[in-house]
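See below for the structure under consideration.
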């Protein structure tokens with residue numbers, strides 16, 4: 002596990018925690034519950050980063066195709082909202 006993947010995983014984990022709180026409006030059972038949910042989000046973020054970075058390293062053509070498709074979907078969604 003590289004330092005870069007840990008940093009990316011922490012960013013993804015914090016983003017997951019924020020999204021989870023906004024979407025589900027979680028009421029935590031004390032500070033312990035907050036720490037447990039945050040820890041789970043961080044572990045998920047690191048797992049996603051490890052898998053994603055290893056996938057990108059081994060399958061760079063598929064990674065490029067996926068990025069182009071997601072970009073086209075995003076551009077289409079932005080044009081559809083106007």
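Residue numbers (this note's numbering): 2 to 83. Note that the Cβ used here is the ideal one computed from N, Cα and C, for glycine as well. If you're wondering where the values come from, they're calculated on a predicted model, not measured in any experiment.
Determine the DSSP secondary structure at residue 27, reduced to helix, strand or coil. coil
Do residue 77 and residue 50 have their C-beta atoms closer together than 8 Å? no
Just the C-alpha distance for residue 13 and residue 37, rounded to the nearest angstrom, thanks. 16 Å
Let me know if residue 67 comes out buried or exposed under the rule of 16 or more other beta-carbons within 10 Å of its beta-carbon. exposed
Distance, residue 42 Cα to residue 70 Cα: 27 Å
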